[in-house]
Every structure is written in structure tokens, then in C-alpha cells.
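*Asks:*
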Amino acid sequence: MAINIWKYASPQAFFPLAGKLAPWFLALAGVLGAVGLYIGLLVAPSDFQQGDAYRIIFIHVPSAWMSMFIYFVMGVASVVAVVWRIKLAEVVAMQSAPIGAAFTCITLVSGSLWGKPMWGTWWTWDARLTSELVLLFLYLGVIGLYHAFEDRRQGARAAGFLAIIGVINVPIVHFSVNWWNTLHQGSTINFFGTSKIAADMLWPLLVLTLATKLYYVASLCRRARADLLALEGNKAWVHELVAPEVAP
Amino acid sequence: MTGSWQAFLAMGGYAAYVWPAYAVFLAVLLGDSLVPTLHRRRIVRELRAQLVRQAARQEAARAAPAVEPGAAAAPSRSP
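Residue numbers (the working numbering), protein chains in the order written: chain E, 6 to 253; chain Z, 58 to 136.
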């Protein structure tokens, strides 16, 4: 166990490691995703109240969890980046933002598509929906601020501050259904108690949750690799990699 | 079998909501997975071109004095 994991905080060491890991995570995410979709669409029974419309839960809930989870990771990475100025932390924070925004979009759209047949409306300004929309705007704000600077590292620092302040919205999204009266239903899954869902409906949900987590790791590794090439474009290890025949 | 397929595709009458939701899920993640590949290709292409140009310039600068021995003492930066 003498492996020094901190050495992988250096871009030069992280780059090949992420390159090795990403395809495995992506493949595993694909397999689990296919299994989860299969069980969710074909094996799990219909809901006695919602019929087959409830099947949107299998993509809506994992995406919603990812939208909050990724924001949390982005916030933590931003703290590390702002306090210790570790380049890899900046990369992790800034490259998480588009993936988080993607999951937030899926959450909002799938929720809307679920709301129409069940509530009779595509959208309502209740606390859960509004705070999730604010989450999307926070992601877009972080992405926009990051790209507003000529200097990438300065942009990452400014956007990092915004990301850290925005973390306050994550518990608001999570607890909104308890704190306020919302049209949106309360939590279905309870990790510390009894879940309000049948076992054969719970399984595809958990499998797809794991699949989206793995997908995030894979996408983050791949995005970070591309970004590190750009950030370290004046370093010898990148020259060696992209143009070995002319590297000194 | 065709009947059960039709039932599956009908999603109990909620096909218009269930399938678009799944389509958005797959399309967004597929799009997301393409971004890093395209981004990486572009960066590598640009960096490569820049490094090759740089190497050619340095090569030319090294070769210049040999072509013109008189100018070797004061190497001029050609525009």
C-alpha cells in the first residue's frame, strides 16, 4: 500500500492514469446502463396508480441525484483549487460543470415530461422545480464565468468562487420537498429507513444510479485529459505526446 | 409477439411522455461523450501544427548562418 496517490495530482501523472481508467468506467457504465434500462422498461411491473408513466423515474431520479452530486464534487474541487491552487483541482471543478449541466437538463426535461400526464402541467414554480432550475443557472454561470477570462487559470479561480457560493443551493434542492409544500412528491428512496418503492422497481433505479456515477467519472477523466493538453501546451511532456518527431 | 411489442411501445398510453424522456437521456449523454473526443482532437491538431511550425522556424534559423557565412556574426531576425 505504498502507492503515493498524491503524485497523481500532477497533470503529467494524472493524464495516463485517466486515459487507462476512462474506457473501463465508460464500458461499465454502458453495460450497467443497458441492464438498468432493460429491467426498468421490460421487467419492472407497471405502477398501480401511474401505469407505465412512472418508468420515467429510472432516468429522472438518477439524473437528479447526479445533478446534485456533481455540483457537490465541483464545490469541493473548487475549494481545493481556490485554497491550494492545485491545477488538477481546477480542471476537475471546471470540467465537472458541463457534465452536471447535462444531467440537470435531463432532470428538468424528464421531470417536465413526467409532470404533464401526472400533474397536468409541464411546469410549476414549486420549491423543488425552481431550485433545480437555479442549479442549472449556477452551472451555466460557472461555465460562462470560466470562459469569460483570457487566462484559463484566472477564469477557473473566479468560477471556483461562484461554484463554492452556489453549493448552498444543493441542500435547498434536496430538502425542498420537506421544507415547503411542493407539488413534487417527497423522497421515494430512503437510505437510512424504509423506501417507499417495491423491490423490483428499486433495482433498476439503483443500477442506473451506479451507471450514471460511472459515466460521470469516465466523462470527467476524458474531459480532463483534453483540457490538460491545452493547459499544459507549453510543457515538454505534452510536446513529447503530440509531436514526438519535433520535440527537443 | 407483435402484440406485446406494440404494448411495449405504447407504454400503457404514456408513450408520448416516456419515450421522449428516454430519448433525451440517451441523446444528451451521447452528445456529452462526444465532446471530449472532438475537443481533444482539435487541441492535438492545433498544438501539433504550432510545434511543427516552431521546429521549422528554429531549423531555418540554424541553417541561415551556414548559407550566408558573412551574416553569422550578427544573426538577424528575419520578419
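Don't be surprised by glycine CBs; every beta carbon is placed ideally from N, CA and C.
Here the structure is a predicted model, which means the values were calculated and not measured.
Would you kindly report the start and end of the unbroken alpha helix (DSSP H) that includes residue 17/E?
*Replies:* 16-43 is the span of the alpha helix (DSSP H), which, as asked, contains residue 17/E.
*Asks:* Anything in the segment 72-84 of chain Z with a Cβ closer than 7 Å to a Cβ of chain E? List those residues in chain order, please.
*Replies:* Answer in chain order: 74, 75, 77, 78, 79, 81 and 82.
*Asks:* Please state the DSSP three-state secondary structure of residue 56/E.
*Replies:* DSSP places residue 56/E in strand when its eight states are reduced to three.
*Asks:* Out of 79/E, 64/E and 123/E, state which residue places its alpha-carbon closest to the alpha-carbon of residue 54/E.
*Replies:* Nearest option by C-alpha distance: 123/E.
*Asks:* Below 6 Å CB to CB, which residues in the same chain sit around residue 263/E once its five sequence neighbours on both sides are set aside?
*Replies:* A query on residue 263/E cannot be resolved here, the shown segment of chain E reaching from 6 to 253 and no further.
*Asks:* Select from the segment 101-114 of chain Z all residues with a C-beta closer than 7 Å to any C-beta belonging to chain E, and list them in chain order.
*Replies:* Taking 7 Å as the Cβ-Cβ cut-off against chain E, the residues of the segment 101-114 of chain Z that qualify are 101, 104, 105, 108, 109 and 112.
*Asks:* Does the segment 78-94 of chain E come into contact with the segment 104-112 of chain Z, if we say contact requires no fewer than three beta-carbon pairs (one atom in each stretch) closer than 8 Å?
*Replies:* The segment 78-94 of chain E is not in contact with the segment 104-112 of chain Z.
*Asks:* Are at least three pairs of beta-carbons, each pair with one atom in the segment 160-176 of chain E and one in the segment 130-146 of chain E, less than 8 Å apart?
*Replies:* Contact between the segment 160-176 of chain E and the segment 130-146 of chain E is present, because at least three Cβ pairs lie under 8 Å.
*Asks:* For residue 91/E, name the three-state secondary structure that DSSP assigns.
*Replies:* The answer is coil: DSSP assigns residue 91/E none of H, G, I, E or B.
*Asks:* Starting from the C-beta of residue 59/E, find all residues in its chain whose C-beta is less than 7 Å away, skip the five residues before and the five after it, and write them out in chain order.
*Replies:* Once the five neighbours on either side are set aside, the close Cβ partners of residue 59/E are 52.
*Asks:* Any idea if residue 212/E is buried or exposed, counting beta-carbon neighbours within 10 angstroms, 16 or more meaning buried?
*Replies:* Label assigned to residue 212/E: buried.
*Asks:* Check the C-beta distance from residue 111/E over to residue 83/E and give it rounded, since I have them as a contact under 8 Å.
*Replies:* Not really, about 23 Å apart at Cβ, beyond 8 Å.
*Asks:* Any contact between the segment 151-164 of chain E and the segment 106-121 of chain E? By contact I mean 3 or more CB pairs, one from each, below 8 Å.
*Replies:* Too few Cβ pairs lie closer than 8 Å, so no.
*Asks:* If you compare alpha carbons, which of 103/E, 63/E and 66/E is closest to residue 292/E?
*Replies:* One cannot answer for residue 292/E here, as it falls past the ends of chain E, which runs 6 to 253.
*Asks:* Which bits of chain Z does residue 212/E rub up against, with CB to CB less than 8 Å?
*Replies:* Near residue 212/E there are no residues of chain Z at all, since even the closest Cβ is about 14 Å away, more than 8 Å.
*Asks:* Does any CB atom of chain Z fall closer than 7 Å to the CB of residue 152/E?
*Replies:* No - not a single Cβ of chain Z is within 7 Å of the one on residue 152/E.
*Asks:* Going along chain E, which residues have a C-beta under 8 Å from residue 69/Z?
*Replies:* The answer, in chain order, is 51, 56, 57 and 58.
*Asks:* Kindly confirm or deny that the segment 32-43 of chain E and the segment 213-222 of chain E touch, where touching means at least three C-beta pairs closer than 8 Å.
*Replies:* Verdict: yes, contact present.
*Asks:* Between the segment 80-104 of chain E and chain Z, which residues of the former have CB atoms less than 8 Å from a CB of the latter, in chain order?
*Replies:* Listed by position, the residues of the segment 80-104 of chain E near chain Z (Cβ gap below 8 Å) are 103 and 104.
*Asks:* I'd like the span of the alpha helix (DSSP H) that includes residue 182/E, first residue to last.
*Replies:* Per DSSP, residue 182/E belongs to the alpha helix (DSSP H) from 174-184.
*Asks:* Quick check: the Cα distance between residue 24/E and residue 15/E, rounded to an integer number of angstroms?
*Replies:* Each residue's alpha carbon lies about 14 Å from the other.
*Asks:* Can you tell me whether residue 89/Z is helix, strand or coil according to DSSP?
*Replies:* The answer is helix: DSSP assigns residue 89/Z an H, G or I state.
*Asks:* Counting along the chain, where does the alpha helix (DSSP H) carrying residue 69/Z start and finish?
*Replies:* Element bounds for residue 69/Z: n/a, residue is neither H nor E.
*Asks:* Does the Cβ of residue 232/E have 16 or more other Cβ atoms within 10 Å, making it buried, or fewer, making it exposed?
*Replies:* Burial call: buried.
*Asks:* For residue 121/E, go through chain Z and note every residue whose CB falls closer than 7 Å to its CB, in chain order.
*Replies:* Those are 74, listed as they occur along chain Z.
*Asks:* Return the CA-CA distance between residue 182/E and residue 188/E, expressed in angstroms with no decimal places.
*Replies:* Roughly 9 Å separates the two Cα atoms.
*Asks:* For residue 91/Z, decide whether its Cβ has a neighbour in chain E, counting only Cβ atoms nearer than 7 Å.
*Replies:* So no, residue 91/Z is outside the interface.
*Asks:* Report yes if the CB atom of residue 227/E is closer than 7 Å to the CB atom of residue 93/Z, and no otherwise.
*Replies:* Against a cut-off of 7 Å, the Cβ pair of residue 93/Z and residue 227/E comes out as a contact.
*Asks:* Quick one: residues in its chain with C-beta nearer than 8 Å to the C-beta of residue 252/E, no 5 flanking neighbours on either side, listed in chain order?
*Replies:* For residue 252/E, where only same-chain residues beyond five positions count, the Cβ hits under 8 Å are 241, 244 and 245.
*Asks:* Note down, in chain order, every chain Z residue with its Cβ under 9 Å from the Cβ of residue 2/E.
*Replies:* Absent from the structure is residue 2/E, since the part of chain E shown begins at 6 and ends at 253.
*Asks:* Could you say which of 29/E, 19/E, 18/E and 50/E lies nearest to residue 205/E if we only look at CA atoms?
*Replies:* Out of 29/E, 19/E, 18/E and 50/E, 50/E has the C-alpha closest to the C-alpha of residue 205/E.
*Asks:* Is residue 135/E helix, strand or coil when you go by DSSP?
*Replies:* The answer is helix: DSSP assigns residue 135/E an H, G or I state.
*Asks:* When the Cα of residue 180/E is compared with those of 192/E, 169/E and 79/E, which residue comes out closest?
*Replies:* Looking at the Cα atoms, 192/E is the closest of the given residues.
*Asks:* Relative to the C-alpha of residue 134/E, which residue among 26/E, 178/E and 235/E is closest?
*Replies:* Ranking 26/E, 178/E and 235/E by Cα distance to residue 134/E puts 178/E first.
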